[in-house]
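Residue numbers (my numbering): 339 to 432. A short worksheet on the structure shown next.
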């Protein structure tokens, strides 16, 4: 597949494998959880709730999980890109 878009990611010159799908789903879930916490935190602040700060640690953990999921997905995509690159010939093969 060349130039495939899936869930906001562009996969050029590579196949999408089950691991890609699993990691992309994991990243999407972590991203959505993080966004929901941020929205909840903002609502609590707007409403003047003094316990809004209790979400700070949870938000930091969610951000770390989101970032870790993104790193795993990008690293996995890199393995596909490495495999799709043409192999360089050594001097002995010329």
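We put the CB at the ideal spot given by N, CA and C, even for glycine.
C-alpha gap between residue i and residue j, whole angstroms
i: residue 361; j: residue 380; result: 29 Å
i: residue 418; j: residue 405; result: 20 Å
i: residue 368; j: residue 415; result: 18 Å
i: residue 351; j: residue 394; result: In this prediction, residue 351 scores a pLDDT of 47, lower than 50, which makes its location untrustworthy; the coordinate-derived value is nonetheless stated afterwards. Answer to the nearest angstrom: the Cα atoms are 41 Å apart.
i: residue 375; j: residue 358; result: 26 Å
Three-state class that DSSP yields for residue i in the structure shown
i: residue 357; result: helix
i: residue 370; result: helix
i: residue 416; result: helix
Counted within 10 angstroms of its Cβ, other Cβ atoms place residue i as buried (16 or more) or exposed
i: residue 400; result: buried
i: residue 407; result: buried
i: residue 411; result: buried
i: residue 355; result: exposed
Proximity to residue i [Cα-Cα], best of the options
i: residue 397; options: 356, 363, 355, 370; result: 370
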